[in-house]
Amino acid sequence: MCFSGMDKLRKVVAWGALHNSKDRPNPPKCHPATRGAVLKKIMEWVEDLDKIYRFMWLYGSVGVGKSAIAHTISELCFEMNILAASFFFSRMAKDCSDSTLVIATIAYQLCCSMPELKLYIEGVVERDPDILQLPLETQVQKLIVWPLSQVNFQPRSSRLVSSRPSLIVVDGLDECGNEYMQCSILGALSGIFKAYAFPIYFLITSRPEPQIHKSFHTEPLSSMTTFLSLDNAYFPDNDIQSFLRLKFDEIKREHPMNARIPGSWPSEMDIKRLVQKSSGQFIYASTVIKYVNSPQHHPTERLDNIITGRGRDTRFAELDALYNRIFSLVDDSQTVEVLSILLFSREYWFPRTVNRKLIDGLLDLKGDALHRKLVHLHSILDIPALDDDKTEIRILHASLRDFLQDPTRSGQCHIGERAHARLTLRLMIFIPSVREEYHSVLLSSSLVFCLLTVLHPMHRHE
Amino acid sequence: MNELQRLSCQFFMVHCALSYPTPELLAALRKFNISDFLSVLSSQYPLGLSFVTINRQISELFAWLKNHVCHFQVDSWSIHFSRSTLLPQNHTRQLHTSYLLAWDKHIVASLEEAAPVRLAGLFVASALHPQFWKHSTIIREIINWKGPQDETTRLPNSCFQFLWAGEPDEEEAPDRTGYHKMLSQFLNDPSRSGPFCADETKFTCLATKTIQFITDSDVETSKCVIHSD
Numbered sequence: 002m003c004f005s006g007m008d009k010l011r012k013v014v015a016w017g018a019l020h021n022s023k024d025r026p027n028p029p030k031c032h033p034a035t036r037g038a039v040l041k042k043i044m045e046w047v048e049d050l051d052k053i054y055r056f057m058w059l060y061g062s063v064g065v066g067k068s069a070i071a072h073t074i075s076e077l078c079f080e081m082n083i084l085a086a087s088f089f090f091s092r093m094a095k096d097c098s099d100s101t102l103v104i105a106t107i108a109y110q111l112c113c114s115m116p117e118l119k120l121y122i123e124g125v126v127e128r129d130p131d132i133l134q135l136p137l138e139t140q141v142q143k144l145i146v147w148p149l150s151q152v153n154f155q156p157r158s159s160r161l162v163s164s165r166p167s168l169i170v171v172d173g174l175d176e177c178g179n180e181y182m183q184c185s186i187l188g189a190l191s192g193i194f195k196a197y198a199f200p201i202y203f204l205i206t207s208r209p210e211p212q213i214h215k216s217f218h219t220e221p222l223s224s225m226t227t228f229l230s231l232d233n234a235y236f237p238d239n240d241i242q243s244f245l246r247l248k249f250d251e252i253k254r255e256h257p258m259n260a261r262i263p264g265s266w267p268s269e270m271d272i273k274r275l276v277q278k279s280s281g282q283f284i285y286a287s288t289v290i291k292y293v294n295s296p297q298h299h300p301t302e303r304l305d306n307i308i309t310g311r312g313r314d315t316r317f318a319e320l321d322a323l324y325n326r327i328f329s330l331v332d333d334s335q336t337v338e339v340l341s342i343l344l345f346s347r348e349y350w351f352p353r354t355v356n357r358k359l360i361d362g363l364l365d366l367k368g369d370a371l372h373r374k375l376v377h378l379h380s381i382l383d384i385p386a387l388d389d390d391k392t393e394i395r396i397l398h399a400s401l402r403d404f405l406q407d408p409t410r411s412g413q414c415h416i417g418e419r420a421h422a423r424l425t426l427r428l429m430i431f432i433p434s435v436r437e438e439y440h441s442v443l444l445s446s447s448l449v450f451c452l453l454t455v456l457h458p459m460h461r462h463e
Numbered sequence: 238m239n240e241l242q243r244l245s246c247q248f249f250m251v252h253c254a255l256s257y258p259t260p261e262l263l264a265a266l267r268k269f270n271i272s273d274f275l276s277v278l279s280s281q282y283p284l285g286l287s288f289v290t291i292n293r294q295i296s297e298l299f300a301w302l303k304n305h306v307c308h309f310q311v312d313s314w315s316i317h318f319s320r321s322t323l324l325p326q327n328h329t330r331q332l333h334t335s336y337l338l339a340w341d342k343h344i345v346a347s348l349e350e351a352a353p354v355r356l357a358g359l360f361v362a363s364a365l366h367p368q369f370w371k372h373s374t375i376i377r378e379i380i381n382w383k384g385p386q387d388e389t390t391r392l393p394n395s396c397f398q399f400l401w402a403g404e405p406d407e408e409e410a411p412d413r414t415g416y417h418k419m420l421s422q423f424l425n426d427p428s429r430s431g432p433f434c435a436d437e438t439k440f441t442c443l444a445t446k447t448i449q450f451i452t453d454s455d456v457e458t459s460k461c462v463i464h465s466d
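Chains A and B, in that order, are what the protein sequence lines are.
Numbering follows this note's numbering, with no gaps: position 371 of the first sequence is 372.
Numbering follows this note's numbering, with no gaps: position 101 of the second sequence is 338.
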């Protein structure tokens, strides 16, 4: 069977990285009436036909809402027919953190948003199928620069391309591979504009990691980039306050126990305290809301738990205190085991997804045991319905991953080398032997308990 | 093989090499039949892993066994965990030694099954060449050159999966170096590799066959290992 260039290109597209990918259910989005100033600033740059800067770097620390802004902008620009391509990095999914797929994924989307380029891009891939194994700079030259330059030389096509979608959103660059690959991507993208001022622009979001900061402040990027910091200049506190008010109103209307919620709840003081604890981090506010909104608990009690909680004096103090508060309700050691499986599976097992069926099998759970173990974690995990054992169970935000993997923050909840050891022991149970018959006899005999105890003493403690 | 079995074979070594060497884990590893496991990895079971990946995982596991020192008390004999014994600090090194022995036997057995010892020995000796990964196809052609026409005595295509550890310019180059080093130590030690030891006679034979290949064949000399280096 002969595959066309487009067929070959489709095989290396990171489908999960597109802004409207079905692999990104419930992506973070800016709540209406929040982030107005930032969105306005970005759209002013997007819609400026005489823009000088080809790149906008939107940066901020964890949980300030970069991805939510990137997604909102992508959706808005997609509706306005301005979005040419997008790539949402995520360390939680292997193909979405694989730098080798970025250029091919963008090129494929350009074929759709700029049909004039399709013939050239397809031709390149057909003539050189190994192009997708080449360095990023080479891929950019062959899959983006050369097709654009060919179209540039044809007046009619050139006019058409100028009117096509032109914004390319790259979100979460710090979630891509390693530092070297992050800088390589930036270097490759900046190379697009070496010879010609092509009609495409990049909105890139990331944490302000040193290597990314350095790349943007070094030529050629420094003269092509406008910078947008998600700091206090954009009054995140006001937006967080608006968000909290709207969400608390929703809870008072829709929570199963809303009949017992006083009309004056929450107090202005409590909202102010929450805004202060957020420290500009939307992830804190959204996690608080999910925690308070738990259908099994009374919202006023849940809110009191958070308000009276104390954190240490660090940048993530309140977020850590919130996570610690959530985990303090967990009294089952297997819950931490489930978390470690969720964490590790994204990093090491991709593209395999972890669903209830897999976890039940690994941990030998039956019925609704898993749901009972995760009952306190709905504010930090995306847990499918009880009767759905196939949909993936996901960690909702990267900040939780950071928290769990940092022993100075997560303390007893830390997921590190010992978690790997526990998982290794679990996996060893299932390794088949070439003497399968002997193995299955072992499993079915009454000696199993004793043998397993010798092999895996941890079972003695359960 | 069901999904859990496949998952366990695919990722057991990955997670083990990232583990803290807890007493329970070390006890389980001592009981674990690594020979059986290596056979499962080499078998026809559809693991969905390339041999490059498997070899890298093996290299990381062995490095972990060699480098970690167990300070903890381990009780591997008492079901009720009522007694404990302080084991020597090189506890995991003993494990490393026994696992390495199993790996050595596995490689030698695989080679003996796959091809005549003479041919197989030449091929594995050539694996020490730093450009082996790049020229493996032409190396097989050279070794097979003007050999017996009987297919059963020629080098089979897929029997030497343990020699591959990926290209050195890939992102995981350090892992490849680790496996290559492990393989080199095996091939240079006659007490371990036995008839497959990469000794002088094998290199002499390889050189002779290469010269014969260049002289007799129609292939471009730029493909030749000697000329490219």
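Yeah, the Cβ is synthetic: ideal placement off N, Cα and C, and Gly gets one too.
- Scanning the stretch 238–283 of chain B for uninterrupted alpha helix (DSSP H) segments of 4 residues or longer gives 240–253, 260–268, 271–279, listed from N- to C-terminal end.
- When CB distances to chain B are screened at a threshold of 8 Å, the residues of the stretch 319–353 of chain A falling below it are Phe345, Tyr349, Trp350, Arg353, in chain order.
- Against chain B, the CB of Leu428 (chain A) has a partner CB under 8 Å away; the residue lies at that interface.
- Put simply, the CB of Phe423 (chain B) is far from chain A, with every gap to its CB atoms at 8 Å or more.
- Closest in C-alpha terms to Asp96 (chain A), from the list A:Pro116, A:Phe79, A:Arg274, A:Arg25, comes A:Arg25.
- Apart from sequence neighbours up to five positions away, the residues of its chain that approach Asp369 (chain A) with a beta-carbon distance below 8 Å are Leu387, ordered along the chain.
- With respect to Ser191 (chain A), Tyr60 (chain A) sits apart: the two C-beta atoms are not nearer than 8 Å.
- For Phe431 (chain A), the nearest beta carbon of chain B is closer than 8 Å to its own beta carbon.
- Counting along the chain, Tyr60 (chain A) sits inside the beta strand (DSSP E) bounded by residues 56–60.
- Judged by pairs of C-beta atoms under 8 Å, the stretch 405–424 of chain A does not touch the stretch 181–199 of chain A, as fewer than three such pairs exist.
- Non-local beta-carbon contacts of Ile284 (chain A) in its own chain, meaning distances under 6 Å to residues more than five positions away in sequence, involve Gly64, His398, Ser400 in chain order.
- If you look at Val14 (chain A), you'll find it isn't in any beta strand (DSSP E); DSSP assigns it neither H nor E.
- In chain order, Ala364 place their CB closer than 6 Å to the CB of Leu400 (chain B), counting only its own chain and leaving out the 5 sequence neighbours on each side.
- Counting C-beta pairs closer than 8 Å gives three or more between the stretch 76–88 of chain A and the stretch 102–109 of chain A, which meets the contact rule.
- One Cα belongs to Ile241 (chain A), the other to Phe249 (chain A), and the distance between them is close to 12 Å.
- Among the residues facing chain B, Leu424 (chain A) is included, as its CB has a counterpart in that chain under 8 Å away.
- Here DSSP, grouped into helix, strand and coil, assigns Tyr235 (chain A) to helix.
- Residue-level contact by beta carbon fails for Arg357 (chain A) and chain B, as no gap is shorter than 8 Å.
- Residue state for Arg36 (chain A) is assigned as coil, using DSSP reduced to three classes.
- Interface annotation, Ser245 (chain B): in contact with chain A, CB-CB separation under 8 Å.
- The three-state reading of DSSP puts Ile252 (chain A) in helix, counting H, G and I together.
- No Cβ of chain A is located within less than 8 Å of the beta carbon of Tyr336 (chain B).
- Under the three-state reduction of DSSP, Asp96 (chain A) is assigned to helix.
- A Cβ-Cβ contact shorter than 8 Å links Leu382 (chain A) with Ile394 (chain A).
- The beta carbon of His343 (chain B) does not come within 8 Å of any beta carbon belonging to chain A, so the residue lies off that interface.
- Neighbours of Leu262 (chain B) in chain A, taken as residues at a C-beta separation under 7 Å, are given in chain order as Ala422, Thr425, Leu426.
- About 6 Å separates the Cβ atoms of Val39 (chain A) and Ile70 (chain A), confirming a contact at the 8 Å cut-off.
- For Glu418 (chain A), the chain B residues whose Cβ falls inside 8 Å of its Cβ are Leu255, Ser256, Tyr257, in order along the chain.
- Shown here, Phe203 (chain A) sits in a strand according to DSSP, grouped into three states.
- Here the C-alpha atom of Phe249 (chain B) lies approximately 49 Å from the C-alpha atom of Asn239 (chain A).
- Against Val251 (chain B), the close residues of chain A are Tyr349, in the order they occur along the chain (beta-carbon pairs closer than 8 Å).
- Here the alpha carbons of Ile295 (chain B) and Ser245 (chain B) stand approximately 14 Å from one another.
- Secondary structure of Phe351 (chain A) (DSSP, three-state): coil.
- In the DSSP assignment, Val170 (chain A) falls within the beta strand (DSSP E) that extends over 168–172.
- For Leu400 (chain B), there is no enclosing alpha helix (DSSP H), as DSSP gives it neither H nor E.
- For Gly362 (chain A), the nearest CB of chain B lies under 8 Å from its own CB, placing it at the interface with that chain.
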